[in-house]
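Novice:
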Amino acid sequence: MVHFVGAGSGAPDLITVRGQRLLQKADVIIYAGSLVNPQLLELAKDGTQIFNSAVMTLEEVIEQMQIAWEKGLDVVRLHTGDQSLYGAVREQMDELDRLGIPYDSTPGVSSFLAAASSMNLEYTLPGVSQSLIITRMAGRTPVPPKESIESFAAHQATMAIFLSTGLLTELQQRLVAGGYPADTPAAIVYKASWEDEKVCRCIVASLAETAKTNGITKTALILVGHAVAQADYDRSKLYDPQFTTEFRH
Numbered sequence: 398m399v400h401f402v403g404a405g406s407g408a409p410d411l412i413t414v415r416g417q418r419l420l421q422k423a424d425v426i427i428y429a430g431s432l433v434n435p436q437l438l439e440l441a442k443d444g445t446q447i448f449n450s451a452v453m454t455l456e457e458v459i460e461q462m463q464i465a466w467e468k469g470l471d472v473v474r475l476h477t478g479d480q481s482l483y484g485a486v487r488e489q490m491d492e493l494d495r496l497g498i499p500y501d502s503t504p505g506v507s508s509f510l511a512a513a514s515s516m517n518l519e520y521t522l523p524g525v526s527q528s529l530i531i532t533r534m535a536g537r538t539p540v541p542p543k544e545s546i547e548s549f550a551a552h553q554a555t556m557a558i559f560l561s562t563g564l565l566t567e568l569q570q571r572l573v574a575g576g577y578p579a580d581t582p583a584a585i586v587y588k589a590s591w592e593d594e595k596v597c598r599c600i601v602a603s604l605a606e607t608a609k610t611n612g613i614t615k616t617a618l619i620l621v622g623h624a625v626a627q628a629d630y631d632r633s634k635l636y637d638p639q640f641t642t643e644f645r646h
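So for the sequence shown, my numbering puts the first residue at 398; every next one is plus one.
#1: Excluding five sequence neighbours on each side, which residues of the same chain lie with their C-beta closer than 6 angstroms to the C-beta of residue 506?
#2: In chain order, which continuous runs of the alpha helix (DSSP H) of length 4 or greater are located wholly inside the region 492 to 543?
#3: Can you check DSSP and say which residues form a bridge with residue 400?
#4: Look up residue 435 in the DSSP assignment and say whether it is helix, strand or coil.
#5: In its own chain, which residues sit with a C-beta less than 6 angstroms from the C-beta of residue 631, not counting the 5 before and 5 after it?
#6: Return the CA-CA distance between residue 549 and residue 628, expressed in angstroms with no decimal places.
#7: Using three-state DSSP, classify residue 624 as helix, strand or coil.
#8: Nearest to residue 451 by alpha carbon, out of 476, 438, 467?
#9: In whole angstroms, what separates the C-alpha of residue 445 from that of residue 540?
#10: Just to confirm, are residue 605 and residue 515 a CB contact at a threshold of 8 angstroms?
#11: What's the gap between the Cα of residue 607 and the Cα of residue 586?
#12: In this structure, does DSSP put residue 368 in helix, strand or coil?
#13: Measuring from the CB of residue 439, is there a heavy atom of the ligand HEM at a distance below 7 angstroms?
#14: Label residue 416 either buried or exposed according to how many other C-beta atoms from any shown protein chain fall within 10 Å of its C-beta, with 16 as the threshold for buried.
#15: Hey, would you say residue 578 sits closer than 8 angstroms to residue 625, going by beta carbons?
#16: Taking one C-beta from the region 429 to 442 and one from the region 527 to 547 each time, how about it: are there three or more such pairs within less than 8 angstroms?
#17: Relative to the C-alpha of residue 563, which residue among 479, 596, 615 is closest?
#18: Are the CB atoms of residue 504 and residue 403 nearer to each other than 8 angstroms?
#19: Taking the continuous beta strand (DSSP E) assigned at residue 427, which residues delimit it?
#20: Can you name the residues that DSSP bridges to residue 598?
#21: From residue 490 to residue 512, what distance separates their C-alpha atoms?
#22: Quick one: is residue 464 buried, meaning 16 or more other Cβ sit within 10 Å of its Cβ, or exposed?
#23: Quick one: what does DSSP say residue 613 is sitting in, helix, strand or coil?
#24: Counting C-beta neighbours from all protein chains within 10 Å, is the total for residue 553 16 or more, i.e. buried, or is it exposed?
#25: Quick check: what's the CA-CA separation for residue 426 versus residue 529?
#26: Tell me the rounded alpha-carbon separation between residue 580 and residue 601.
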């Protein structure tokens, strides 16, 4: 069996209990290079084969999975955060389907969740924003035209923008062009939940300058929207004494 496991955002104790148990039992671990905290590899039992996928191609990753499966070994494919977000996981699963190799998936704590915890944020504040848009700028991997930054910015919902730290000048221009006021609250969260985490609050117009001032060039998440500044919001109806539920009448 191949187990796809989300390693979490960085802090080793943010991996799920299930993910931890799978790591402890694995015969082979293929982990996502510098994006996964190496402390997690200390959970491996003696004799476990460990491969760094940062220096491997898709074909090489699949080859190691196939070799292990043919030997009756358990494999953990350890991805950063949650593998369903920008994990290039579907192409691996399709190859395993083609080869008839069984697999399952264990979710992880994504960096957008760790960033909210670091900043004590609620992304969905009543009367401010009830939607969270998770997206990225186009780089070597293109973004469909219908999912442009401008089209999402028009909603002025909360946004969590991945894989875009090296494109902040363009990003802030496109956010404003799409509809966010230049003074919209924003934040750059570097390595959320790691020991060297850094949280930089700013506004949309100062994203690039803030990153430059703080020496942040990669491994950061960009948050945008009024919820980032804990704007004035409406009280939730969930705990309103005038609002009844099946549990509280």
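In this text, a Cβ means the ideal position worked out from N, Cα and C, and glycines have one as well.
As the structure is a prediction and not an experimental result, all values here were calculated from the model.
Specialist: If we stick to the structure as given:
#1: Numbered from 1 along the sequence shown, position 109 holds the residue referred to as residue 506. Within the same chain, residue 506 has close Cβ partners 405, 406, 411.
#2: 508 to 516
#3: For the purposes of this step, residue 400 is taken as the residue at position 3 of the sequence shown. Beta-bridge pairing links residue 400 to 473, 501.
#4: Along the sequence shown, one-based indexing puts residue 435 at 38. Residue 435 falls in the helix class under three-state DSSP.
#5: Stepping through the sequence shown from its first residue, residue 631 is reached at position 234. Closer than 6 angstroms at the Cβ level, and outside the excluded window around residue 631, lie 523, 524.
#6: Taking the sequence shown and counting its residues from 1, one reaches residue 549 at position 152. Taking the sequence shown and counting its residues from 1, one reaches residue 628 at position 231. Answer to the nearest angstrom: the Cα atoms are 20 angstroms apart.
#7: Taking the first residue of the sequence shown as 1, we reach residue 624 at position 227. Helix, per DSSP.
#8: Taking the first residue of the sequence shown as 1, we reach residue 451 at position 54. Comparing Cα positions, the closest option is 476.
#9: Residue 445 sits at position 48 when you count from the first residue of the sequence shown. Residue 540 sits at position 143 when you count from the first residue of the sequence shown. C-alpha separation (whole angstroms): 38 angstroms.
#10: In the sequence shown, the residue the question calls residue 605 occupies position 208. In the sequence shown, the residue the question calls residue 515 occupies position 118. For residue 605 and residue 515, no; Cβs fall outside 8 angstroms.
#11: To locate residue 607, count along the sequence shown from 1; it is residue 210. To locate residue 586, count along the sequence shown from 1; it is residue 189. Going by the C-alpha atoms only, they are around 11 angstroms apart.
#12: The requested residue 368 is not part of the displayed model; the chain covers only 398 to 646.
#13: Ligands displayed in this structure: none; no statement on the ligand HEM is therefore possible.
#14: Here the question's residue 416 lines up with position 19 in the sequence shown. Its Cβ being crowded by 16 or more others within 10 Å, residue 416 is buried.
#15: By 1-based counting over the sequence shown, the position of residue 578 is 181. By 1-based counting over the sequence shown, the position of residue 625 is 228. Their beta carbons are not under 8 angstroms apart, which means residue 578 does not touch residue 625 by this criterion.
#16: Cβ pair count under 8 angstroms is below three, so no.
#17: The count along the sequence shown starts at 1 and reaches residue 563 at position 166. The residue with the shortest Cα to Cα distance from residue 563 is 615.
#18: The residue you call residue 504 lines up with position 107 of the sequence shown. The residue you call residue 403 lines up with position 6 of the sequence shown. Their beta carbons are under 8 angstroms apart, which means residue 504 touches residue 403 by this criterion.
#19: Counted from its first residue, the sequence shown places residue 427 at position 30. It spans 425 to 428 - the beta strand (DSSP E) in which residue 427 sits, taken as one unbroken run.
#20: Within the sequence shown, the letter at position 201 stands for residue 598. Paired residue(s): 584.
#21: Working through the sequence shown from its first residue, we reach residue 490 at position 93. Working through the sequence shown from its first residue, we reach residue 512 at position 115. For residue 490 and residue 512, the distance between alpha carbons rounds to 29 angstroms.
#22: In the sequence shown, residue 464 corresponds to position 67, counting from 1. Residue 464 should be labelled exposed.
#23: Counting from one through the sequence shown, the residue named residue 613 turns up at place 216. Reduced to three states, the DSSP call for residue 613 is coil.
#24: What you label residue 553 is simply residue 156 of the sequence shown in a count that begins at 1. The residue in question, residue 553, is buried, as its Cβ has 16 or more Cβ neighbours within 10 Å.
#25: Translated into the one-based positions of the sequence shown, residue 426 becomes position 29. Translated into the one-based positions of the sequence shown, residue 529 becomes position 132. Computed Cα separation, rounded: 33 angstroms.
#26: Counting from one through the sequence shown, the residue named residue 580 turns up at place 183. Counting from one through the sequence shown, the residue named residue 601 turns up at place 204. So the two alpha carbons sit approximately 6 angstroms from each other.
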